[in-house]
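Asker: My structure is below; once you've seen it, I'll send some questions.
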Amino acid sequence: MRRILSIFGLTLVLACGPTTSAQKQSTAPVDPAQKEEDLRRQAAAQKRLVQERLDLARSAAAANDYISAENQLQLVLGMDNRNAQAHLELAQVQLRLGKLEKAREQANQALELDPKSYESAELLVRLYLLDGDMAGAVKRAQQLGQNFPEDMRYQNLSLFALLKAGRPGLVLKEGQRLLRKDEVNTETIRNIARAHLALGKLGTAKYVLIRALEIRDEPQTHRLLGEIAFRNENLTSARSHLSKAAAALSDAPDVLNNLGLIACKMSDYATAEATFNKLTASFPGLSYGHANLGYLYRLMGRPTDAAHAYQRALDIDKGLAEVHYNLGILYFGSDIAGLDPIDRYKNAIKSLSQYRDLQRTKLSRSENKELDRYVKEATRMIALLKESRKKAVPEKKEVIPPPAPAPEPAPAPEPTP
1 MRRILSIFGL TLVLACGPTT SAQKQSTAPV DPAQKEEDLR RQAAAQKRLV QERLDLARSA
61 AAANDYISAE NQLQLVLGMD NRNAQAHLEL AQVQLRLGKL EKAREQANQA LELDPKSYES
121 AELLVRLYLL DGDMAGAVKR AQQLGQNFPE DMRYQNLSLF ALLKAGRPGL VLKEGQRLLR
181 KDEVNTETIR NIARAHLALG KLGTAKYVLI RALEIRDEPQ THRLLGEIAF RNENLTSARS
241 HLSKAAAALS DAPDVLNNLG LIACKMSDYA TAEATFNKLT ASFPGLSYGH ANLGYLYRLM
301 GRPTDAAHAY QRALDIDKGL AEVHYNLGIL YFGSDIAGLD PIDRYKNAIK SLSQYRDLQR
361 TKLSRSENKE LDRYVKEATR MIALLKESRK KAVPEKKEVI PPPAPAPEPA PAPEPTP
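Take a look at the structure:
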């Protein structure tokens with residue numbers, strides 16, 4: 001303690017003593033050239049550090065480690081908050097993590113810093129759509145279209161937003177106008193095909209898309225042809241088209257999802273599992289990949305894995321009514337490893353009740369009666385199990401009515417042009 005006080009006292013004496021010649025020299029003006037060189041070196045060092053962090057983030061994202069990628073990109077922006085590319089890449093990572101609101105903020109920032117970045121503009125509109133803000137998507141896309149009236153990419157982005165907002169008639173009209181300016185623009189042709197799809201005209205949409213393929217063979221066209229074949233239950237053709245799309249599109253979760261569903265329908269469970277696992281690894285924050293993985297595990301007779309997958313989907317989005325129903329039926333009719341039977345029946349009641357709460361106005365009288373039957377039977381089984389344990393006798397074998405078939409997952413909507 002004395003040594004510390006002594007050193008501190010010495011420091012005070014030096015600080016308060018008379019100014020020496022050496023100290024006077026330290027306050028002399030700095031050579032401007034030297035100062036400029038020091039600043040240049042500091043800027044170069046920071047630039048290198050920013051690039052190193054960006055490289056680390058990209059490596060982490062390539063390995064599906066999106067949490068680490070997000071952390072590295074946030075460090076980059078802490079050093080250089082005006083780095084448009086870092087904002088864009090952070091938005092892309094946060095989209096995969098399901099952080100849609102944060103991703104939108106980053107995409108908007110990227111676009112403000114680089115107003116000519118179509119990649120940022122497209123992602124921003126896509127995030128509006130994924131978040132269910134159709135009006136916001138249309139407004140933003142039309143603003144961008146007005147800013148770049150001669151750029152067909154922005155005009156088509158505006159058409160796509162209008163289509164998702166439920167305006168297929170207007171898209172057909174505007175699409176024909178755009179085709180008069182550029183008759184071989186395949187994205188315009190695809191938007192016209194999408195409008196026909198929205199109107200239920202599958203044959204017309206297919207005809208239009210074949211024309212697009214004749215102009216240029218592109219994965220986005222195969223994606224739409226795969227959707228048409230899927231709707232027509234031509235699974236072989238759907239699988240062929242979607243496989244071509246998946247090979248070229250790394251940022252298309254709907255393509256992977258639909259390939260997984262097709263494999264399920266074809267009873268190719270190994271391929272379906274690999275596909276859904278790839279989807280959930282690449283887009284861990286999108287709920288429907290986990291929900292459909294749960295559906296697959298039910299088909300495969302793996303109820304414990306199914307329960308975990310369903311629960312992961314609900315952790316992301318508690319409003320998935322069909323997942324609550326499927327999970328409730330699973331708890332009701334299947335043993336789950338590590339879960340006591342009484343707790344399992346309680347979970348069944350909870351999940352089915354949540355389904356009822358979410359769907360209350362949409363349920364028919366017969367559907368409500370069916371839910372009542374399951375809840376009543378689960379309650380009865382809980383009472384029987386408790387009574388048998390009180391008497392310390394072996395539990396009677398559970399007699400469970402066969403569960404109602406769960407609704408099949410619908411194919412995921414196409415999220416981007």
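Going by the numbering used here, 31 is the number at position 31 of the sequence shown; the sequence numbering is gapless.
Positions of the beta carbon are idealized from the N, C-alpha and C atoms, including for glycine.
#1: Does the Cβ of Ala22 have 16 or more other Cβ atoms within 10 Å, making it buried, or fewer, making it exposed?
#2: By Cβ distance below 7 Å, which residues in the same chain neighbour Leu124 in space, the five residues on each side in sequence not counted?
#3: Quick one: does Leu157 have its CB under 8 Å from some CB of chain D?
#4: Roughly how many angstroms lie between the CA atoms of Leu299 and Arg223, to the nearest whole one?
#5: Using 10 angstroms around the beta-carbon of Ala348, count the other beta-carbons present and answer buried if the total reaches 16, otherwise exposed.
#6: Determine the burial state of Ile210: buried for a count of at least 16 other Cβ atoms within 10 Å of its Cβ, exposed for fewer.
#7: Given this structure, state the Cα-to-Cα distance separating Leu330 from Asp315, to the nearest angstrom.
#8: Would you decide whether Asn147 is buried or exposed? Buried here means 16 or more other CB atoms lie within 10 Å of its CB.
#9: Phe276 and Asn292: beta carbons closer than 8 Å?
#10: Which residue marks the beginning of the alpha helix (DSSP H) containing Arg389, and which one marks its end?
#11: In whole angstroms, what is the alpha-carbon distance linking Ala61 and Lys206?
#12: Are Ala165 and Ile189 closer than 8 Å when you measure CB to CB?
#13: Check this for me: beta carbons of Ala86 and Leu73, under 8 Å apart or not?
#14: Just how far apart, CA to CA, sit Arg344 and Arg302?
#15: Reducing DSSP to helix, strand and coil, say where Val125 ends up.
#16: Assuming Asn232 is part of the alpha helix (DSSP H), what are its boundary residues?
#17: Give me the residue from Ser287, Leu159, Ala57 and Gly226 with the minimum Cα distance to His241.
#18: Tell me the rounded alpha-carbon separation between Gln46 and Arg53.
#19: Grouping DSSP H, G and I as helix and E and B as strand, with all else coil, what is Gly333?
#20: Taking all protein chains shown into account, decide if Leu39 is buried (16 or more other Cβ within 10 angstroms of its Cβ) or exposed.
#21: Just verifying my parser: in three-state terms, what is the DSSP assignment at Asp182?
#22: According to DSSP, is Asn464 part of a helix, a strand, or is it coil?
#23: Jot down the residue ranges of each uninterrupted alpha helix (DSSP H) in the segment 235-264, minimum 4 residues, whole runs only, in chain order.
#24: Below 7 Å CB to CB, which residues in the same chain sit around Asp317 once its five sequence neighbours on both sides are set aside?
#25: If we count the other Cβ atoms within 10 Å of its Cβ and call it buried at 16 or more, is Met79 buried or exposed?
#26: Using a threshold of 8 Å, state whether the C-beta atoms of Pro253 and Phe283 are closer than that.
#27: Does the segment 350-361 touch the segment 334-342, meaning 3 or more C-beta pairs lie closer than 8 Å?
#28: Under a Cβ-count criterion, where at least 16 other Cβ atoms within 10 Å of its own Cβ denotes burial, should Asn156 be classed as buried or exposed?
#29: Compute the Euclidean distance between the alpha carbons of Lys24 and Glu36, then round it to the nearest angstrom.
#30: Taking 8 Å as the cut-off, decide whether the C-beta atoms of Val138 and Ala121 are in contact.
#31: With a threshold of 6 Å on Cβ separation, who are the neighbours of Ala57 within its own chain once the five nearest residues in sequence on each side are excluded?
#32: State the Cα-Cα distance for the pair Thr379 and Ala309, rounded to the nearest angstrom.
#33: Between which residues of its own chain and Leu144 is the CB-CB distance below 8 Å, once the five residues before and five after are set aside?
Answerer: Reading off the structure:
#1: Residue 22 sits at position 22 when you count from the first residue of the sequence shown. Since pLDDT at Ala22 reaches only 47, below the 50 mark, its modelled position is unreliable, and no value is offered.
#2: For the purposes of this step, residue 124 is taken as the residue at position 124 of the sequence shown. So the list reads Arg104, Ala107, Asn108, Leu111 and Arg140, once near-sequence residues are dropped.
#3: In the displayed structure, chain D is absent; only one protein chain is listed.
#4: Taking the first residue of the sequence shown as 1, we reach residue 299 at position 299. Taking the first residue of the sequence shown as 1, we reach residue 223 at position 223. For Leu299 and Arg223, the distance between alpha carbons rounds to 26 Å.
#5: Residue 348 sits at position 348 when you count from the first residue of the sequence shown. Classification for Ala348: buried.
#6: Translated into the one-based positions of the sequence shown, residue 210 becomes position 210. Under this definition Ile210 is an exposed residue.
#7: Residue numbering aside, residue 330 sits at position 330 when the sequence shown is read from its first letter. Residue numbering aside, residue 315 sits at position 315 when the sequence shown is read from its first letter. Asp315 has its alpha-carbon roughly 17 Å from the corresponding atom of Leu330.
#8: The sequence position of residue 147 within the sequence shown is 147, counting from 1. Exposed, since its Cβ has fewer than 16 Cβ neighbours within 10 Å.
#9: Against the sequence shown, residue 276 aligns to sequence position 276. Against the sequence shown, residue 292 aligns to sequence position 292. Yes. Within cutoff.
#10: Taking the first residue of the sequence shown as position 1, residue 389 is located at position 389. Per DSSP, Arg389 belongs to the alpha helix (DSSP H) from Arg365 to Lys390.
#11: In the sequence shown, the residue the question calls residue 61 occupies position 61. In the sequence shown, the residue the question calls residue 206 occupies position 206. Taking the straight line joining both Cα atoms gives about 36 Å.
#12: The sequence position of residue 165 within the sequence shown is 165, counting from 1. The sequence position of residue 189 within the sequence shown is 189, counting from 1. No. Outside cutoff.
#13: Position 86 of the sequence shown, counted from the first residue, corresponds to residue 86. Position 73 of the sequence shown, counted from the first residue, corresponds to residue 73. Yes.
#14: Translated into positions along the sequence shown, residue 344 becomes position 344. Translated into positions along the sequence shown, residue 302 becomes position 302. Going by the C-alpha atoms only, they are around 16 Å apart.
#15: To locate residue 125, count along the sequence shown from 1; it is residue 125. In the three-state reduction of the DSSP assignment, Val125 falls in the helix class, which pools H, G and I.
#16: Counted from its first residue, the sequence shown places residue 232 at position 232. That residue, Asn232, is in no alpha helix (DSSP H); it is neither H nor E in DSSP.
#17: On the sequence shown, residue 241 is found 241 positions in, with the first residue counted as 1. Considering only alpha carbons, the answer is Gly226.
#18: Indexing the sequence shown from 1 puts residue 46 at position 46. Indexing the sequence shown from 1 puts residue 53 at position 53. Spanning the alpha carbons of Gln46 and Arg53 requires a straight line of approximately 11 Å.
#19: Here residue 333 corresponds to residue number 333 of the sequence shown, with the count starting at 1. Look at Gly333 here: in three-state DSSP terms it is helix.
#20: Start at 1 with the first residue of the sequence shown, and residue 39 comes out as number 39. Leu39 comes out exposed.
#21: Position 182 of the sequence shown, counted from the first residue, corresponds to residue 182. Coil, per DSSP.
#22: Outside the shown range of the chain (1 to 417) lies residue 464, about which nothing can therefore be said.
#23: Taking 4 residues as the shortest admissible run, the segment 235-264 contains the following complete alpha helix (DSSP H) segments, listed from N- to C-terminal end: 235-248.
#24: One-based indexing of the sequence shown puts residue 317 at position 317. Sequence-distant partners of Asp317 (beyond 5 residues in either direction) whose C-beta falls short of 7 Å from its own C-beta, in its chain, are Ser287.
#25: Working through the sequence shown from its first residue, we reach residue 79 at position 79. Classification of Met79: exposed, given that the 10 Å Cβ count is below 16.
#26: As a first step, residue 253 is located in the sequence shown; it is residue number 253 there, counting from the start. As a first step, residue 283 is located in the sequence shown; it is residue number 283 there, counting from the start. It is a contact, given that the beta carbons lie within the stated cut-off.
#27: no
#28: Locating residue 156 in the sequence shown gives position 156, where the first residue counts as 1. Counting C-beta atoms within 10 angstroms of its own C-beta, Asn156 has 16 or more neighbours from the protein chains shown and is therefore classed as buried.
#29: Residue numbering aside, residue 24 sits at position 24 when the sequence shown is read from its first letter. Residue numbering aside, residue 36 sits at position 36 when the sequence shown is read from its first letter. Below a pLDDT of 50, predicted positions are generally treated as unreliable, and Lys24, at 48, falls in that range; no measurement from the model is reported.
#30: To locate residue 138, count along the sequence shown from 1; it is residue 138. To locate residue 121, count along the sequence shown from 1; it is residue 121. The answer is no: Cβ separation not under 8 Å.
#31: As a first step, residue 57 must be located in the sequence shown, where it is residue number 57. Ala69, Gln72 and Leu73, listed in sequence order.
#32: Looking up residue 379 in the sequence shown gives position 379. Looking up residue 309 in the sequence shown gives position 309. Per the coordinates, the alpha-carbon of Thr379 lies some 25 Å from the alpha-carbon of Ala309.
#33: For this step, residue 144 is matched to residue 144 along the sequence shown. So the qualifying residues of the chain are Ala121, Val125, Tyr154, Leu157 and Ser158.
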